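Each remark here refers to the structure printed beneath this line.
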Amino acid sequence: MQPEFLIIHPPPAQYVAHVQLHRPAALNALNLQLMAELRHTLRLLDADDQVRAIVINGDEQAFAAGADIKQMSGKSAIDRYNTDQFSTWDTIRRIKKPLIAAVSGFALGGGCELAMLCDLIVASETARFGQPEIKLGIMPAAGGTQRLTRAVGKALAMEMVLTGRQLSAAEALQAGLINKIVPVALYLQEAIKLAATMATMSPLAVQMDKEAVLKSFDTTLDECLQFEQKNFYLLFATADQQEGMQAFVEKRKPVFKGR
Ligand code: DAK
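Per this note's numbering, the sequence shown starts with residue 538, numbered consecutively.
What follows is the structure, encoded as structure tokens:
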């Protein structure tokens with residue numbers, strides 16, 4: 538079934554997928570249907586051998602202005618409990634391929650959390666990042682208090698979460714929340730360029746690298762180092778490792794097959 542609130546663009550580069558959040562009249566607010574469509578689409582792309590990196594954007598006005606407040610308004614705790622609220626976020630967290638958020642305009646609440654769930658964030662000069670849930674009498678619920686704090690540190694995270702203050706793109710870059718800022722006309726192109734670079738690498742090495750970096754947020758340094766070593770050994774069981782090293786010796790470009 539065709540998604541209603543997403544556009545799945547033709548591959549913009551070899552092995553790169555591009556998914557656009559598309560609910561412009563509501564600044565791409567994440568209603569339950571959009572989130573279900575995103576979950577389903579990312580699962581399919583993660584299983585597709587022709588995809589090695591995924592770019593997610595919104596439009597120039599907004600990446601996403603948060604979860605859909607109109608849909609949440611008037612709901613009770615039991616309504617919320619009975620809704621499938623967390624599986625989208627859990628699914629995205631488990632996507633093995635690199636996710637690159639291309640952010641222009643608002644990335645607020647769940648929109649900021651979605652961007653932070655991605656592995657890299659490329660922002661346009663107009664991007665604004667914030668967790669304004671406090672102004673609604675609620676709090677971030679898709680990892681905002683945790684991922685934001687890990688990215689920008691306690692002082693700034695507290696200020697943002699407790700006052701709802703938004704960061705400009707320049708502040709977000711300085712705080713370490715995002716990778717780079719580019720003019721609005723180039724933000725998507727730049728994200729695709731990064732994705733395309735990753736897509737030239739061994740997909741197995743890329744996925745295991747991603748897994749190991751994310752692991753550093755979950756557990757102790759000792760366990761993470763063991764995990765890194767295990768993945769390193771595992772990569773020596775791949776044809777891509779032999780190809781990568783052989784290509785270096787033969788002074789040619791490697792051709793990685795994900796095997
Ligand atoms: N929800 C629903 N509609 C939204 C929306 C949102 N988050 N944000 C904007 N819109 C709609 C507006 O209602 C308006 O629709 P119409 O009135 O035209 O029908 C349209 O988008 C344009 O918005 P504005 O007219 O307000 O545009 P402005 O440029 O004046 O202002 C703004 C832009 C982004 C500053 C403003 O729209 C705004 O403050 N939006 C709300 C931002 C916000 O508070 N976001 C946080 C929402 S709470 C969970 C996971 C995650 C979450 C919850 C649970 N679980 C796993 C359990 C996340 C929670 C949130 O994100």
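Note that CB positions come from ideal geometry on N, CA and C, so glycine has one too. Remember, predicted model here, so these are calculated numbers, not experimental data.
Can you name the residues that DSSP bridges to residue i?
| i | result |
| --- | --- |
| Arg665 | Phe643 and Ser705 |
| Leu558 | Leu543 |
| Leu657 | Ile637 |
| Ser692 | Looking at the sequence shown, residue 692 is not Ser but Ala. DSSP, once it has assigned bridges, lists no residue as partnering Ala692. |
| Ile593 | Val556 and Ala638 |
| Lys747 | DSSP output for Lys747 lists no bridge partner at all. |
| Lys717 | Val659 |
| Ala602 | Its beta-bridge partners do not exist; DSSP assigns none. |
| Leu567 | Ala604 |
| Ala550 | Val553 |
Let me confirm a value: residue i is counted as buried when at least 16 other C-beta atoms fall within 10 Å, else exposed. Which label applies?
| i | result |
| --- | --- |
| Asn619 | exposed |
| Ala644 | buried |
| Pro740 | buried |
| Asp746 | buried |
| Leu762 | exposed |
| Pro561 | exposed |
| Phe773 | exposed |
| Glu748 | exposed |
| Arg684 | buried |
| Met697 | buried |
| Gln668 | buried |
| Leu758 | exposed |
| Ile675 | exposed |
| Val640 | buried |
| Leu771 | exposed |
| Thr756 | exposed |
Would the beta-carbon of residue i fall within 8 Å of that of residue j?
| i | j | result |
| --- | --- | --- |
| Ala728 | Val659 | yes |
| Leu714 | Phe785 | no |
| Ala590 | Ile545 | no |
| Ala602 | Glu662 | no |
| Gln608 | Asn568 | yes |
| Gly647 | Gln598 | no |
| Leu571 | Leu558 | yes |
| Leu673 | Ile606 | yes |
| Ala664 | Ala709 | yes |
| Asp777 | Arg796 | yes |
| Gly574 | Phe542 | In the sequence on display, residue 574 carries Glu and not Gly. It is a contact, given that the beta carbons lie within the stated cut-off. |
| Ile615 | Asp583 | no |
| Leu657 | Asn716 | yes |
| Ala566 | Ala604 | yes |
| Arg576 | Thr628 | yes |
| Glu780 | Phe793 | yes |
Among the residues of its own chain, which have a CB less than 6 Å from the CB of residue i, if the five just before and after it don't count?
| i | result |
| --- | --- |
| Ala732 | Val553, Ala590, Val592 and Ile637 |
| Met735 | Ala590, Pro635 and Val743 |
| Leu725 | Asn594 and Ala639 |
For residue i, which residues from the same chain have a beta carbon less than 7 Å from its beta carbon, with the 5 sequence-adjacent residues on both sides left out?
| i | result |
| --- | --- |
| Leu581 | none |
| Val689 | Ala712, Gly713 and Leu714 |
| Phe764 | Ala749 and Lys752 |
| Val721 | Glu597, Ser641, Ser661, Glu662 and Thr663 |
Can you find the residues in the same chain that come closer than 8 Å, C-beta to C-beta, to residue i, ignoring five residues on each side of it along the sequence?
| i | result |
| --- | --- |
| Trp626 | Glu650, Leu654, Ala679 and Gly680 |
| Ile671 | Val698, Leu699, Thr700 and Gly701 |
Under the criterion of a Cβ to heavy atom distance below 7 Å, does residue i qualify as lining the ligand MG?
| i | result |
| --- | --- |
| Glu670 | This structure lacks the ligand MG; its bound ligands are the ligand DAK. |
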